[in-house]
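First residue of the sequence shown? That's 6 in my numbering, and the numbers climb one at a time after it. The C-beta atom is built at its ideal place from N, Cα and C for all residues, glycine as well. Small disclaimer: the values here were computed from a predicted structure and weren't measured. See below for the structure under consideration.
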Amino acid sequence: MIKHAPKPARAASRPTRGFGMVETMLGIAVATVVLAGMATVLADGQRELRAKNVAEQHTAFMTAAGNFFLANKPAMLKAMEDGTGANDYCVVGANPATGVGGTTANSTALHTCALDVDWLKWKQAIPSNFRASNVHNQRLVAIFKRVYDGATATDAAEMLAVGADVGGAANSVQSLRELQAGAELMGGSGGYVPDKDRVVCTYDTGSSTYQACGTQGGWQVDLKQFVSTL
Numbered sequence: 006m007i008k009h010a011p012k013p014a015r016a017a018s019r020p021t022r023g024f025g026m027v028e029t030m031l032g033i034a035v036a037t038v039v040l041a042g043m044a045t046v047l048a049d050g051q052r053e054l055r056a057k058n059v060a061e062q063h064t065a066f067m068t069a070a071g072n073f074f075l076a077n078k079p080a081m082l083k084a085m086e087d088g089t090g091a092n093d094y095c096v097v098g099a100n101p102a103t104g105v106g107g108t109t110a111n112s113t114a115l116h117t118c119a120l121d122v123d124w125l126k127w128k129q130a131i132p133s134n135f136r137a138s139n140v141h142n143q144r145l146v147a148i149f150k151r152v153y154d155g156a157t158a159t160d161a162a163e164m165l166a167v168g169a170d171v172g173g174a175a176n177s178v179q180s181l182r183e184l185q186a187g188a189e190l191m192g193g194s195g196g197y198v199p200d201k202d203r204v205v206c207t208y209d210t211g212s213s214t215y216q217a218c219g220t221q222g223g224w225q226v227d228l229k230q231f232v233s234t235l
C-alpha cells in the first residue's frame, strides 16, 4: 500500500505551459504506445516477460497516480479548472529528489493536469526506486481531465495514463509487438494509438482526428481533449 506522506515544501518556480505533444510525446496511448494491426504473438519467453513487466509497471503507475489524485482531489480539480496551484500538482520532468525544474503541465483550455513518475516520487506517492520509464524508454505520464456537465464543472475527472516515447526505442517492430501484448495483458484498461485509420480507431492527420482505443474495443478517446498540441 502506498502511503501519502505530508506534502514537501514547494519547489522553485518552473516554466508553465500547456501539456502538449511537442513537450513529451511522439506517441500516446492509454497505458502504452502501440500500432494497430501488429502481430501480438511473442516468439520467446524473454519478450513475453518484458511484455508482462510493461503491463505490471503501467498498472502500478496508474494505481499510484489515481491514489495521488484522490488524496489531493479538491486542489487538483481546481488546478484543472483555472490553473490554481498547478505548479504543486501538475509537473513533468522535475528532479525527483528535490522537486526542482521540470514544467508545470496543465491546460486551462482543456482543463487538464499532467504529472509523471518523478513528480510522484517527489510527493512521496510512489516508491523512490520505481522506474520512471518502461523497458522501451517511454516516460510514464498521467493526464487528468476535469469532467464538465455542459459549462458546469463536476467533481469528477478522467485519467489517461500514457507511455510517452521520448527515446525512439518503441519504433521497432519487436518493441511494438511487446507493447501491444503488454496492453492486452492489462485487460480493459490497456489501449493503443493506431499508425493510421484502422476503421475502429483513427489517427488521421488529414482530418486531424486522433484517437486512443482500448485493446478490447471497450472505449475510444479523442486525444485532442487531453493533449493541447497534436
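Taking all protein chains shown into account, decide if residue i is buried (16 or more other Cβ within 10 angstroms of its Cβ) or exposed.
| i | result |
| --- | --- |
| ALA44 | With a pLDDT of 48 at ALA44, under the threshold of 50, the modelled position of this residue cannot be trusted, and the question is left open. |
| GLN62 | buried |
| ALA102 | exposed |
| GLN185 | buried |
| GLY211 | exposed |
| GLU183 | buried |
| VAL38 | Interpretation of VAL38 is limited by its pLDDT of 44, a score under 50 that renders its predicted location unreliable; the figure taken from the coordinates is listed afterwards. Buried, because 16 or more other Cβ atoms sit within 10 Å of the Cβ of VAL38. |
| ALA161 | exposed |
| ALA34 | A caution first: ALA34 carries a pLDDT of 39, below 50, which makes its placement in the model unreliable, though a value can still be read off. ALA34 should be labelled buried. |
| CYS218 | buried |
| VAL167 | buried |
| ASN134 | exposed |
| THR157 | exposed |
Taking residue i as the reference, which of the options has the closest Cα?
| i | options | result |
| --- | --- | --- |
| GLY88 | GLN62, LYS150, ASP121 | LYS150 |
| ASN111 | VAL97, ARG144, ALA69, VAL105 | VAL97 |
| ASP121 | ALA158, ILE131, GLY90 | ILE131 |
| SER213 | ARG144, LEU228, ARG136 | LEU228 |
| THR234 | ASN139, MET164, ALA114, ARG52 | ALA114 |
| MET191 | GLN225, ARG144, VAL59, GLY106 | VAL59 |
| ALA91 | GLY104, ALA69, GLY193, CYS118 | CYS118 |
| GLY106 | ARG19, GLY223, VAL226, GLN230 | ARG19 |
| VAL226 | LEU165, ALA188, GLY193, ALA169 | LEU165 |
Tell me the DSSP bridge mates of residue i?
| i | result |
| --- | --- |
| VAL96 | THR109 |
| SER138 | ARG144 |
| ARG151 | ALA162 |
| ALA119 | ILE148 |
| ALA3 | There is simply no residue 3 to check, as the chain begins at 6 and stops at 235 in what is shown. |
| VAL198 | Paired residues: none, contrary to the question. |
| THR157 | ASP154 |
| GLY169 | One point to set straight first is that residue 169 is Ala, not Gly, in the sequence displayed. DSSP, once it has assigned bridges, lists ARG144 as partnering ALA169. |
Verify the CB distance criterion: does residue i have a CB-CB separation below 9 Å to chain B?
| i | result |
| --- | --- |
| ASN142 | Going by chain labels, chain B is absent from the structure shown, which holds only one protein chain. |
Assess contact between the region 72–82 and the region 188–202, defined as three or more Cβ pairs (one per stretch) separated by less than 8 Å. Is contact present? no
Spell out a yes or no on whether the region 120–138 and the region 153–162 are touching, meaning 3 or more CB-CB pairs, one atom from each, closer than 8 Å. no
Counting pairs of Cβ atoms below 8 Å between the region 69–78 and the region 203–211, do you hit three or more? no
Tell me the start and end of each unbroken alpha helix (DSSP H) in the region 60–104 that is at least 4 residues and wholly inside, in chain order. 78–87, 91–94
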